[in-house]
Amino acid sequence: MPYQLPDEDQNLAVEAFRKFLHAKIKPVVKEYRDRFIPKEKMRELTTQIAEFGLPGCTIPVEHGGMGWTYTAQGMLFEELMAVSCDLGICVMINNGVARRLLSAPPALRDRYLPGILAGELFGCAGISEPDVGSNVAEIRTRGDRDGDHFIINGEKTWITNGHYSDFIICTMKGEKGLSHILVDRKEHGYETRNIEKIALNSQSTAQVFFSDTRVPDSNLIEGEGDGLKNTMKMFEMARGHVGMLSVGLMRAALEDSIAYATERKQFGKVIASHQLVAAKIANIAMLLDASRLMCQRVFGMIDAGVRCDLEASMAKAFATESAVKACREAVQLHGGNGITKEFMVEKYLREAIIIPIPDGTTEIQRLFISRRLTGVSAFV
Ligand SMILES: Cc1cc2nc3c(=O)[nH]c(=O)nc-3n(C[C@H](O)[C@H](O)[C@H](O)COP(=O)(O)OP(=O)(O)OC[C@H]3O[C@@H](n4cnc5c(N)ncnc54)[C@H](O)[C@@H]3O)c2cc1C
Numbered sequence: 001m002p003y004q005l006p007d008e009d010q011n012l013a014v015e016a017f018r019k020f021l022h023a024k025i026k027p028v029v030k031e032y033r034d035r036f037i038p039k040e041k042m043r044e045l046t047t048q049i050a051e052f053g054l055p056g057c058t059i060p061v062e063h064g065g066m067g068w069t070y071t072a073q074g075m076l077f078e079e080l081m082a083v084s085c086d087l088g089i090c091v092m093i094n095n096g097v098a099r100r101l102l103s104a105p106p107a108l109r110d111r112y113l114p115g116i117l118a119g120e121l122f123g124c125a126g127i128s129e130p131d132v133g134s135n136v137a138e139i140r141t142r143g144d145r146d147g148d149h150f151i152i153n154g155e156k157t158w159i160t161n162g163h164y165s166d167f168i169i170c171t172m173k174g175e176k177g178l179s180h181i182l183v184d185r186k187e188h189g190y191e192t193r194n195i196e197k198i199a200l201n202s203q204s205t206a207q208v209f210f211s212d213t214r215v216p217d218s219n220l221i222e223g224e225g226d227g228l229k230n231t232m233k234m235f236e237m238a239r240g241h242v243g244m245l246s247v248g249l250m251r252a253a254l255e256d257s258i259a260y261a262t263e264r265k266q267f268g269k270v271i272a273s274h275q276l277v278a279a280k281i282a283n284i285a286m287l288l289d290a291s292r293l294m295c296q297r298v299f300g301m302i303d304a305g306v307r308c309d310l311e312a313s314m315a316k317a318f319a320t321e322s323a324v325k326a327c328r329e330a331v332q333l334h335g336g337n338g339i340t341k342e343f344m345v346e347k348y349l350r351e352a353i354i355i356p357i358p359d360g361t362t363e364i365q366r367l368f369i370s371r372r373l374t375g376v377s378a379f380v
C-alpha cells in the first residue's frame, strides 16, 4: 500500500529538525557517550526537541499536538534516532504515553498530556515483570479494589524512562483481568532503580516497585479489564516506531561508513574502491532502505486507518535484525578503528543488539506473522 508523502511544510520541518539535532544535540550525545544523562539535563533536551514536534506530532491540534500524519512523524523520528538512539527511545516512549492519554478520562488527559507534549514530564509504560516478558497475559502485579481505589503491589522491569518518570501507566491484574492505571510518582508513590546494560545507558531502563500504592479508580485508562486488548493495540502502534530506532542506527552506520571508506586508504587507494568494501556499503544501504520502507508502510496504514498488525510485526522483526547485520558490517569496514571509542560504530552495534528485544522479541514477531498467515498458533 502506498503511503502519503509528506507535504512541503513537513519536509521543511524535517530539514530544520536535522540541522538542530546536528548543531545542538550531537555534541551532548558525544559528551554523555555511555553515561547516564541526569533527569534535569534530559528534560532540557526533551523540551528543545518538543519545539520541533516530538512527541506531539500526531496528537490532534485540539489536544495540543500538531495533528500531522504518522508518516511525517516517522521522518522526524528517523532524524532523531540517527543522532541518538538513547534520546530516540526516551521520546518514543513519551510519544506512546501521549497517545495512550488520549484514551484517558478528560480530567486525567488534560492534567498530564500538556507536560508530556512540552517535553517537561516523563511518562513510562509498565508491562514487563521479572517473571513476565513475552507472555503478557501472565502479569502478576496486583491491583486490588478497595472501594473507589486500587491497592497496587508488584514489580515491573525493563521500564524505559522508568527512573525519569513522573508517572507510569501500569498494567495490573485484578478481579476483572488486566487494566491500565496511571500512577503518579509524587502523589501515589513508587520506587525505581536504574539498570546498567551493554548500551543505551544514557537514558533510563529501570525496575519499578509498588508497595501498597493507593490509586483512585478515576486514574484508570479505559475500562477495568481492558488491559490485555489495549496492550496488544499499544504493541501494534509501537512496533513501527521501534523499527525506526533501527532505521536511525543504520542511517548513522551508513553515513559513518561512507565517510570512512572514502577517506581511509589501503593498497594505495581509498578502501571504497576495493570491491568487498564497496559491497558492504551497498549491503548497509539496502538493509536500511528496505527497513525504512517497511516501517513507513506501517505508518501509512495507520494514517489510512487500516489494520497493520502483520505489517508492523514484519517491519519490527526485519528492521531490528537488519540493524544488527548492518552495524556489524560497519564495524568490520572500519577495521581496528571500528572497535575503538574514537569512532561511533562499536556503539551502534551494541545498541543494535538491544533493539530486537523490546515490544516483542524477533521470535515472538515470527510467531505472530506465522499465526496471521496460517491461522495456526505455534506459541506453545
Ligand atoms: C531496552 C529495553 C527496553 C524495554 N522497555 C520496556 C518498557 O518500556 N516497558 C515494558 O513493559 N517492557 C519493556 N521492555 C521489556 C521487553 O518488552 C521484554 O524484554 C520482552 O518482551 C522480552 O521479555 P523477556 O526479556 O522477559 O524475555 P523472555 O520472554 O523470557 O524470552 C527469553 C527468550 O525466549 C524467547 N521466547 C519466549 N517465548 C517464546 C516462544 N513461545 N517461542 C519461541 N521463543 C520464545 C524470546 O524470544 C527470548 O529470546 C524493554 C526491554 C528492553 C531490552
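In the UniProt record's numbering, the protein residues as written are 1 to 380.
Glycine is no exception: its CB is placed at the ideal position from the N, C-alpha and C atoms.
Using DSSP with H/G/I as helix, E/B as strand and the rest coil, what is Ser377? Here residue 377 refers to the residue found at position 377 of the sequence shown. Three-state result, Ser377: coil.
Distance between Asn161 and Arg193 (C-alpha atoms, nearest Å): Here residue 193 is taken as the residue at index 193 of the sequence shown, counted from 1. Here residue 161 is taken as the residue at index 161 of the sequence shown, counted from 1. Going by the C-alpha atoms only, they are around 11 Å apart.
Could you please give me the residues that DSSP links to residue 381 through a beta bridge? There is simply no residue 381 to check, as the chain begins at 1 and stops at 380 in what is shown.
With a Cβ-Cβ cutoff of 8 Å, do residue 381 and Ala323 count as a contact? Residue 381 lies beyond the stretch modelled for the chain, which goes from 1 to 380, so this question has no answer here.
When the Cα atoms are used, what is the spatial distance from Gly74 to Phe17? Mapped onto the sequence shown, residue 74 falls at position 74. Mapped onto the sequence shown, residue 17 falls at position 17. If I take the Cα positions, the gap works out to 13 Å.
Any contact of the stretch 209-221 with the stretch 177-192, i.e. 3+ C-beta pairs under 8 Å? Yes: the two stretches touch, three or more of their Cβ pairs being nearer than 8 Å.
Rounded straight-line distance, which links the Cα of Lys316 to that of Arg99: Here the question's residue 99 lines up with position 99 in the sequence shown. Here the question's residue 316 lines up with position 316 in the sequence shown. Rounded to whole angstroms, Arg99 to Lys316 spans 19 Å at the Cα level.
When DSSP builds the beta bridges, which residues end up paired with Gly124? To locate residue 124, count along the sequence shown from 1; it is residue 124. This sequence places Cys at residue 124; Gly is not what is there. Note: Cys124 sits in a beta bridge opposite Ile168.
Throw me the rounded Cβ distance for the Ile49 and Gly119 pair, which I believe falls under 8 Å. As a first step, residue 49 is located in the sequence shown; it is residue number 49 there, counting from the start. As a first step, residue 119 is located in the sequence shown; it is residue number 119 there, counting from the start. At roughly 6 Å, the Cβ-Cβ gap stays under 8 Å, so Ile49 and Gly119 are in contact.
Do the stretch 325-335 and the stretch 267-285 touch if we need at least three Cβ pairs shorter than 8 Å? Output reads yes: the stretch 267-285 touches the stretch 325-335.
Just how far apart, CA to CA, sit Ile93 and Cys170? The residue given as residue 93 occupies position 93 in the sequence shown. The residue given as residue 170 occupies position 170 in the sequence shown. Using only the alpha carbons, I get a separation of about 14 Å.
Using 10 angstroms around the beta-carbon of Leu359, count the other beta-carbons present and answer buried if the total reaches 16, otherwise exposed. Locating residue 359 in the sequence shown gives position 359, counting from the first residue. A small fix is needed here, since residue 359 is Asp in this sequence, not Leu. Asp359 is buried by the Cβ-count criterion.
Tell me which same chain residues have a C-beta within less than 7 Å of the C-beta of residue 382, skipping the five on either side of it? Lying before the first or after the last residue shown, residue 382 is absent from the chain, which here runs from 1 to 380.
Does the distance between the C-beta of Leu121 and the nearest non-hydrogen atom of ligand 1 fall short of 7 Å? Here residue 121 corresponds to residue number 121 of the sequence shown, with the count starting at 1. No - ligand 1 has no heavy atom lying nearer than 7 Å to the Cβ of Leu121.
Could you pull the start and end residues of the alpha helix (DSSP H) that Phe20 belongs to? Locating residue 20 in the sequence shown gives position 20, where the first residue counts as 1. Phe20 -> alpha helix (DSSP H) spans Glu8 to Phe20.
Is it the case that the CB of Cys90 approaches a heavy atom of ligand 1 more closely than 7 Å? What you label residue 90 is simply residue 90 of the sequence shown in a count that begins at 1. For Cys90, the shortest C-beta to heavy atom distance toward ligand 1 is 7 Å or greater.
Under three-state DSSP, which class holds Val306? Translated into positions along the sequence shown, residue 306 becomes position 306. DSSP, reduced to helix, strand and coil, places Val306 outside both helices and strands of the structure shown, so it counts as coil.
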